[in-house]
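Peer 1: First, the structure itself, so that you have it in front of you.
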Amino acid sequence: MSRRKPIDTKILEASKEFNAGVFAETVKGAFADLPDYRRNQNRVLYPVWYLSLVVLCGFFCRCNTIEEIADYADLQEDWFSSLLGERVSAPSHGALWWFLVNPPAGALRSYIQKWFGKIPGALKDQLLAIDGKRLRGANFLDHITHVVELFAAEDRLCLAVEKVPDKTVEKSTLPIILEQVDVEGAIISGDAHFTVPESAERIVDAKADYLLAVKDNQPSLCAEMGNFFDQAHAIEWDELPHSFHQEIDKGHGRIETREVRVVEDLDWLPNAGKWKNLACLVEVRSTRQKIGSATNEVFRRLYISSRRASAKDFAKWVRQHWSIENKCHWIADVIFEEDDNLMDRGYSAENMGLFRRLSMNIAAVADPERGLAAVRRAATFSTGYLKGILTIVFCRAVSKNFS
300 MSRRKPIDTK ILEASKEFNA GVFAETVKGA FADLPDYRRN QNRVLYPVWY LSLVVLCGFF
360 CRCNTIEEIA DYADLQEDWF SSLLGERVSA PSHGALWWFL VNPPAGALRS YIQKWFGKIP
420 GALKDQLLAI DGKRLRGANF LDHITHVVEL FAAEDRLCLA VEKVPDKTVE KSTLPIILEQ
480 VDVEGAIISG DAHFTVPESA ERIVDAKADY LLAVKDNQPS LCAEMGNFFD QAHAIEWDEL
540 PHSFHQEIDK GHGRIETREV RVVEDLDWLP NAGKWKNLAC LVEVRSTRQK IGSATNEVFR
600 RLYISSRRAS AKDFAKWVRQ HWSIENKCHW IADVIFEEDD NLMDRGYSAE NMGLFRRLSM
660 NIAAVADPER GLAAVRRAAT FSTGYLKGIL TIVFCRAVSK NFS
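Note that my numbering has the sequence shown beginning at 300, numbered continuously upward.
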């Protein structure tokens, strides 16, 4: 019988060094500059730093809606008082609602962006995936909020979030994101929406490298690359210099073989110069066979990149690009139930999304060996575990790095 991974003793040990006075001052300082847009400041009972702490703890303890967070705060009123070393009352649903609805998301985003920038380590040689997501359920098409996110694949950290009017203009956020995050030395991957010469130039100017998917939105480039790789396969790559790597995966009732080829000789490619620092072309050919079936499905994906590297490295980076889907977007939709969220008033959808991603980052930093679902379960069942996470993030990381 398999055993679940035990709770990291370092987190429980961290809770033993917890000091309510130090913690309260650190939390107040960390959220000191968070804007408060509630209308009547004379009637405000709960400061924004306290409401922010309640929302974060609620997300850690498996709350996904304002109603659930309000119920959680009410039941844990005594615990919050002991946590802060002073008597505090539980904020009502209305207080939490106004706090999340009123702040323009841009103001809250620019503040929380500091957290995104402070938590990560060095990004050199790390794959940063950029992709878009919507924050509203399909039943509310007139209130859908679209955002573009930058995600560090290895560290499992959301580094930036920017709102866009709709999916068709996702690439317009790239310059803004590159100004917010120091991406020097990293590899930035994007789907075909970002495959335009302007994106390549901006990424290189930010001292990073690009890995961009090539599809029909670049018809000439896609056709030239497709013809080249077709002819190369026809002659079995005879005397054509290239790097090759193969991977075979078995699972989900099928066998998948992925062959990655990288070509650096680009003298034959028309208009190669329009892609700044273009260094190579990449082909990923996947052959899938269902177990027990005699037929195969063959898929091909094409990429351009400014990074010179082996086919094995590109195989890893192409695979890691999808981490933004299964380690960020999937977690938001399935674990946080973001797609089912019914909040659409004011800036609530985007602000809730920002706090979700902040809690995802904190969990990845405080307990990197456990998935978010396991972290939330442990925090729900053990206030000592939750206090340990808060100690690591606020009393250690934030007090040293946040200013």
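Glycine included, every Cβ here is placed at the ideal spot set by N, Cα and C.
Predicted, not measured: the structure shown is a model, and the values here were computed from it.
List, from N- to C-terminal side, the alpha helix (DSSP H) runs of 4 residues or more that fit wholly inside the region 592 to 675.
Peer 2: With a minimum length of 4 residues, the continuous alpha helix (DSSP H) runs that stay inside the region 592 to 675 are 610 to 620 and 647 to 665.
Peer 1: Is it a yes or a no for the region 498 to 512 touching the region 478 to 489, going by three-plus beta-carbon pairs under 8 Å?
Peer 2: Below 8 Å, enough C-beta pairs join the region 498 to 512 and the region 478 to 489 to call them touching: three or more.
Peer 1: Note down, in chain order, each residue of its chain lying with its Cβ closer than 8 Å to the Cβ of I623, except the 5 sequence neighbours on either side.
Peer 2: The residues are A428, I429, D430, E448, F450 and A452.
Peer 1: Mapping DSSP to helix, strand and coil, what is A491?
Peer 2: helix
Peer 1: Taking A507 as the reference, give the member of D481, S585 and S351 with the closest Cα.
Peer 2: For A507, the closest C-alpha among the options D481, S585 and S351 is that of D481.
Peer 1: In the structure shown, what three-state DSSP assignment does E316 receive?
Peer 2: coil
Peer 1: Kindly identify the DSSP beta-bridge partner or partners of T586.
Peer 2: T556 and V597
Peer 1: Going by other Cβ atoms of all chains shown within 10 Å of its Cβ, with 16 needed for buried, is G687 buried or exposed?
Peer 2: The C-beta of G687 has 16 or more other C-beta atoms within 10 Å across all chains shown, which makes the residue buried.
Peer 1: From D377 to N363, what distance separates their C-alpha atoms?
Peer 2: About 22 Å.
Peer 1: Check whether the Cβ atoms of T257 and L477 sit closer than 8 Å, and answer yes or no.
Peer 2: With the chain represented from 300 up to 702, any question about residue 257 goes unanswered, as that position is not in the structure.
Peer 1: In this structure, does DSSP put A479 in helix, strand or coil?
Peer 2: Just to set this straight, residue 479 is Gln in the shown sequence, not Ala. Collapsing the DSSP output to three states places Q479 in a helix.
Peer 1: Please name the residue or residues paired with F450 in a DSSP beta bridge.
Peer 2: A428 and C457.
Peer 1: Report buried or exposed for R749, applying the criterion of at least 16 other Cβ atoms within 10 angstroms of its Cβ.
Peer 2: Absent from the structure is residue 749, since the part of the chain shown begins at 300 and ends at 702.
Peer 1: Would you call V353 buried or exposed, if buried means 16 or more other Cβ atoms sit within 10 Å of its Cβ?
Peer 2: buried
Peer 1: Could you tell me which residues DSSP puts in a beta bridge with E535?
Peer 2: E535 is not bridged to any residue.
Peer 1: Going by DSSP, what residue range makes up the beta strand (DSSP E) through G550?
Peer 2: S542 to G550
Peer 1: Is the region 547 to 567 touching the region 586 to 594 in the sense that three or more CB pairs, one from each, lie closer than 8 Å?
Peer 2: yes
Peer 1: For L577, which three-state DSSP category applies?
Peer 2: coil
Peer 1: Are there 16 or more other CB atoms within 10 angstroms of the CB of A394, so buried, or fewer, so exposed?
Peer 2: buried
Peer 1: For the candidate residues L355, Y509, E523 and A505, whose alpha-carbon lies nearest to that of L426?
Peer 2: Y509
Peer 1: Beta strand (DSSP E) containing A512: first to last residue?
Peer 2: D508 to V513
Peer 1: Taking a contact to mean a Cβ-Cβ separation below 8 Å, would you say S604 touches V503 in this structure?
Peer 2: no
Peer 1: Beta-carbon separation of V692 and A663 under 8 Å?
Peer 2: no
Peer 1: Thinking C-alpha only, which one of V446, N660 and L374 is nearest P464?
Peer 2: V446
Peer 1: In its own chain, which residues sit with a C-beta less than 6 Å from the C-beta of D335, not counting the 5 before and 5 after it?
Peer 2: V347
Peer 1: Counting only the same chain and skipping the five closest in sequence on each side, list residues whose C-beta sits under 7 Å from that of V326.
Peer 2: W348, L352 and F693
Peer 1: Using three-state DSSP, classify N423 as helix, strand or coil.
Peer 2: First, the amino acid is wrong: residue 423 is Lys here, not Asn. Here K423 sits in coil by DSSP.
Peer 1: Could you give the DSSP three-state label for R501: helix, strand or coil?
Peer 2: helix
Peer 1: Between the alpha carbons of G328 and H544, how many angstroms are there, rounded?
Peer 2: A straight-line Cα-Cα distance of about 50 Å links G328 and H544.
Peer 1: Excluding sequence positions up to five away, which residues of its chain have a Cβ less than 7 Å from the Cβ of E546?
Peer 2: The answer, listed in chain order, is R557 and A614.
Peer 1: Give me the Cα-Cα distance between I310 and Y684, rounded to the nearest whole angstrom.
Peer 2: Computed Cα separation, rounded: 6 Å.
Peer 1: Look at the Cβ atom of I365, then the Cβ atom of W396, and state whether they are nearer than 8 Å.
Peer 2: yes
Peer 1: Quick check: what's the CA-CA separation for N591 versus V597?
Peer 2: A quick correction: the sequence has Gly, not Asn, at residue 591. Looking at the two C-alpha atoms, the distance is approximately 17 Å.
Peer 1: Report the three-state DSSP secondary structure of V468 (helix, strand or coil).
Peer 2: Helix.
Peer 1: Output the distance between the C-alpha atoms of S391 and D373, rounded to the nearest integer angstrom.
Peer 2: Distance between the alpha carbons of S391 and D373: 8 Å.
Peer 1: Please say whether A421 and G384 have beta carbons closer to each other than 8 Å?
Peer 2: The Cβ atoms of G384 and A421 lie no closer than 8 Å to each other.
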